[in-house]
Amino acid sequence: MKNKEFKKGIAIGVAATLVVTGAVFTSYQKVLFPKGNALSDVKTVQKLNYLEELIDEEYLDEKDESSLREGLYAGLLAGLKDPYSTYYTAEQYKELNTSNEGSYVGIGAVLQKDDTGGAKIIQLYEGGPGEQAGLKKGDVIKAVDGADVTDKETSDIAAMVRDSEKDSVMLTIQRENEEKTRDVKVEIRDVEIQMLSGDTGYIRISEFSEVTSDQYKKAFADLKEQGMKKLVVDLRDNPGGLLTAVCGVLRQILPEGRIVYTEDKNGKREEETCDGKNELDMPLAVLVNGNSASASEIFAGAIKDYDYGTLIGTKTFGKGIVQTVFPLENGDAIKITTAKYYTPKGHYIHGKGIQPDIKLEYKYSGPEDESYDMKYDNQLQKAISVVKEKMN
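Just so we're aligned, residue 2 is where the sequence shown starts under the numbering used here, counting upward by one.
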């Protein structure tokens, strides 16, 4: 009982103090946040102060005031119930900026110069080749294909990886808290190609990075030289990537017109367009599934709206929103959802996905103890038959 009364007394005392100062605080809040009202409410401020009093009186350990403030900011963004909106501390935002300024590698990683020599991986793109190979954020690259890189600049190390003529690269990395280095073999191509029977070319795009458009251009030219007259593009399990990258690929396929557009809460639109100078002149099928997301859906949506190919597989993931990062005065920042994106004909696919023209669940009929063989992939075989029919 005594404890309960003590707590009640704190509540009354805090409330009385804020009745006097609340008006001033509200005015101050309006200066800082002229459009906000969630935190300028006096009762909200009273409750926050009371909670801090309880922490001071009851919490076992010492509080860290900066951490408490950061928790408030993070909680405010969490209250949006939007998994894509978040708060960055000054340290996190600095790291994010460093990532943007770092050297991008065609394995889905961003590098930064390490004090011990070599290049540290400061960002790994989800689903990218680097992550799939087992690389981790914080790994330091010490050698590329056996060549020591500890004295090289980060841009040079990135170029060694990105510009390799091979389909994979062997990275010697130093992992935190490990004495010995380890070798990790990583696929370095966003775009894989194969010439199939019947003049059908196959292009698989694993993600849309800054190198994808150029890789696609080279891949298409290579297949064309081999006699390609029909094309299958595989976007299954492609998590997305850069808008500029997917638009760069689509400009090598679509006729003149709109590729995609975004629209914010005030109705402001921004468009990406195609001049039609590299319009595809052969039958096309595109494979998609539930893991084809974001930039992959921009690709699929444009192909479907222009009726420029046949989508085959299962419904796509359904991410049709855009995020923007806003830096704040003290070095921290917030990332919030600021716009929706629409397909050329104005379809909003967020939470809905894109339905394929031919719905077909994946089924692999090959031996389980053997490696993947295209002839047992029912979705790919269906795509091959579809482009063959269109040729006739």
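Glycine included, each C-beta is placed from N, C-alpha and C at the ideal position.
| Terminal residues of the continuous alpha helix (DSSP H) containing K218? | 213-226
| request: State yes or no: is the beta carbon of L285 nearer than 8 Å to at least one beta carbon in chain B? | output: Checking the listed chains, one finds no chain B in this structure; it contains a single protein chain.
| field | Alpha carbon of V21 to alpha carbon of K336, nearest angstrom | value | Since pLDDT at V21 reaches only 27, below the 50 mark, its modelled position is unreliable, and the value read off the structure follows with that caveat. Taking the straight line joining both Cα atoms gives about 36 Å.
| message | Strictly by DSSP, which residues pair up with L312? | response | V287
| query | Does the segment 234-251 come within contact of the segment 264-272, defined as at least 3 CB pairs closer than 8 Å? | reply | no
| said: Out of G332, F327, K341, V287, which one is the CA nearest neighbour of K316? | reply: V287
| query | If you count every other CB in all the chains shown that lies within 10 Å of the CB of K305, and 16 or more means buried, which is it? | reply | buried
| query | In chain order, what residues of the same chain lie with their CB nearer than 7 Å to the CB of I56, ignoring the 5 residues before and after it? | reply | K64
| task | Grab the span of the beta strand (DSSP E) containing M171 for me, first residue to last. | result | 169-175
| Which value, in whole angstroms, describes the spacing of the CA atoms of E264 and V145? | 43 Å
| task | Pull up the distance between the alpha-carbon of Q47 and that of G72, whole angstroms please. | result | 17 Å
| said: Would L312 and D358 qualify as a contact pair, given that the criterion is a beta-carbon distance under 8 Å? | reply: yes
| message | Judging by CA-CA distance, which residue of L244, L172, L136, D149 is the nearest neighbour of L125? | response | L136
| query | If you compare alpha carbons, which of Y349, Y203, L172, S198 is closest to E188? | reply | L172
| field | Neighbour-count burial assignment, L81, 16 or more Cβ in a 10 Å radius | value | exposed
| Which first and last residues belong to the alpha helix (DSSP H) in which T325 is found? | Not the alpha helix (DSSP H): T325 falls in the beta strand (DSSP E), residues 322-328.
| query | Which whole-angstrom value describes the C-beta separation of Q227 and V192, a residue pair presumed to lie in contact below a C-beta threshold of 8 Å? | reply | About 15 Å; that fails the 8 Å criterion.
| said: Which same chain residues end up closer than 7 Å to V247 when comparing Cβ atoms and leaving out the 5 residues on each side of it in sequence? | reply: F209, A296, I299, F300
| task | Measure how close the beta-carbons of I122 and D149 come, nearest whole angstrom, since I'm counting them as under 8 Å. | result | I122 to D149, Cβ: 18 Å. No contact.
| task | Tell me, please, which residues DSSP counts as bridged to F209. | result | G242
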